[in-house]
Structures are given as structure tokens and as C-alpha cells.
Amino acid sequence: MRSRFIIAIDGPAGAGKSTVARQLARRLRYRFLDSGALYRTVTLAALRAGLSPGDEEQVAALARTLDIRLEGGPDDPRVLLGGDDVSAEIRGPAVSNAVSTVAALARVREAMVPLQKGIAADGGVVAEGRDIGTVVFPDADVKFYLDADPAERARRRADERGEADVESVRREIVSRDRDDTDRDVAPLCAAADAVRVDTTALTLGEVVARLAAEIEGRMGSAS
Ligand code: CDP
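Counted from 1, the sequence shown has number 9 at position 10 by numbering that gives the first Met the number 0; the numbering is strictly sequential.
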């Protein structure tokens, strides 16, 4: 049993993974690993290079050459591509619309797994994404699967972005969820041993409290 846990949080867009993972990382003094940021950064690089997002050979070859770094703590996570801060650009609509196509490429995923394992080599990580508990860290100490109604997830995401058109945000996330769930490689799904939490009617504080209680319970029984 490692002394510092690996905590996996998976689920669809807007379920609250990122905010909850950051708060847990702060509370536990762990690192926060935003795996979606890696796929978003590869997508940005592919779009900048003029590649078609579904071109596996070319996008994977590019992905293997990229210098992607996740820096900062849970309060100010930053993503650097070749030393430049791309944290804002990777959240824009161009990347959001193409990222699921890039993330479905097996060879791109292969290139991203060692990076994630390296970050968690000594434990002490709260990692969030789509395949953390199933593929990247199947031996994570605690696994969660967060979900919420699509309308609520769209409302949260629109709020975050200051976007008035909630319906277009809903369409984007529903389409991305479908692509993420239906793909052959590392699809979005709950690990058999994940604790499932429906966050639709819960406040952020309530979600964090529920997850923290589960983690602290497991830490208590591990020590
Ligand atoms: O923040 P949001 O949940 O909208 O997205 P994200 O976590 O930044 O992930 C963006 C996209 O990257 C997802 O829709 C997936 O297509 C892909 N992704 C993935 O395939 N595997 C992961 N572990 C994380 C993200």
C-alpha cells in the first residue's frame, strides 16, 4: 500500500470533476492532474499545425514530439506547451470541438499515458478525466465517477464560461459525451470499483465533503 494515495475521478463534461479534484488536492496537499488538459493541448498543437484532428499517424507523430507540462498548484494550474502558457487557449471552442476526435486516437492516448504515470510515480495525486480509474491508474486507491443531468452540466459549464447560450453549450457537451462513450479505446465509463456520485442536486461543498469522507475513511483503514 503506497503511503500517499492515487485518487481517480472520472465522468462526463460539467459533472464537477475539475473543481472537486482541485479542492481535494488542496485539502490533502496532493498534486492535481488534469488529464483532459493533455488531450486539449495535443489538439491545439494539431490545429496549429494544420493537421486533420482524425489523422492518427500525423497527430500521434506530432504528440510524441510535444513538450507538455502541467505546472502550478491546485489553485493556479497551468498548461505549458513548449514553455508557453496555453491554459486559456485550450478551453476555447476550436479545441473543445475537435478534442474528442483527437482523444479517440489510440496512438495519441499511448503517448499520453507515460506522462500521467510519471506525474503520479510517488502517489499523492488527484487525477481527473475519462479513463483514469479504468486505464491510466486501474490500481488507484480510491475511484470516483461523478455524473449529473446534461441540463445541469450545461448550465454549470455556461456559467464558468460566462456564456449566455446554454443550449449551444448543452449540444457541445452531449456530442462530446457521445463521442467519448462510444469510442473503442479507453471509453468514458465507470470502473467497476468506482464510487458513483450524482452531483445534480448537490452543492460543490457537499460533493467535496462526500468524497473527502470516503477518502479519509480509506486512509484510516489503510494506516
Ligand atoms: O472539462 P471537460 O470535462 O469539459 O473536458 P476535459 O476534462 O478537459 O476533457 C476534454 C476531452 O478530452 C474529453 O471530452 C475527452 O474527449 C478527452 N479526454 C479523454 O479522452 N481522456 C481523459 N482522461 C481526459 C479527457
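Ideal Cβ placement from N, Cα and C applies to all residues, glycine included.
Quantities reported herein were computed from a predicted structural model and do not represent experimental measurements.
So is the beta-carbon of aspartate 181 under 7 Å away from any non-hydrogen atom of the ligand CDP?
If you number the sequence shown from 1, residue 181 lands on position 182. Not so, every heavy atom of the ligand CDP lies at least 7 Å from the Cβ.
Is the distance from the Cβ of glycine 132 to the Cβ of alanine 7 below 8 Å?
On the sequence shown, position 133 is the one that residue 132 refers to. On the sequence shown, position 8 is the one that residue 7 refers to. Contact flag set, yes.
Kindly confirm or deny that the segment 17 to 31 and the segment 160 to 179 touch, where touching means at least three C-beta pairs closer than 8 Å.
no
Please classify valine 184: does DSSP put it in a helix, a strand, or coil?
Residue 184 sits at position 185 when you count from the first residue of the sequence shown. Three-state DSSP puts valine 184 in coil, outside helix and strand.
In or out: proline 73 buried (at least 16 other Cβ within 10 Å) or exposed?
As a first step, residue 73 must be located in the sequence shown, where it is residue number 74. With 16 or more Cβ atoms within 10 Å of its Cβ, proline 73 is classed as buried.
Helix, strand or coil for tyrosine 38 per DSSP?
Here residue 38 is taken as the residue at index 39 of the sequence shown, counted from 1. Tyrosine 38 falls in the helix class under three-state DSSP.
Does the Cβ of aspartate 130 lie closer than 7 Å to at least one heavy atom of the ligand FAD?
For the ligand FAD, the structure offers nothing, since it holds only the ligand CDP.
Consult DSSP for arginine 90 and reduce its assignment to one of helix, strand or coil.
Within the sequence shown, numbered from 1, the residue matching residue 90 stands at position 91. Three-state result, arginine 90: helix.
Can you give me the Cβ contacts of aspartate 192 inside the same chain, cut-off strictly under 7 Å, excluding the 5 residues immediately before and after it?
In the sequence shown, residue 192 corresponds to position 193, counting from 1. Excluding sequence neighbours, aspartate 192 sits near Lys142.
Quick one: any contact between the segment 179 to 193 and the segment 33 to 48, if contact means 3 or more CB pairs under 8 Å?
no
Below 8 Å between beta carbons: does that hold for leucine 145 and alanine 14?
The count along the sequence shown starts at 1 and reaches residue 145 at position 146. The count along the sequence shown starts at 1 and reaches residue 14 at position 15. In this structure, alanine 14 lies closer than 8 Å to leucine 145 by Cβ.
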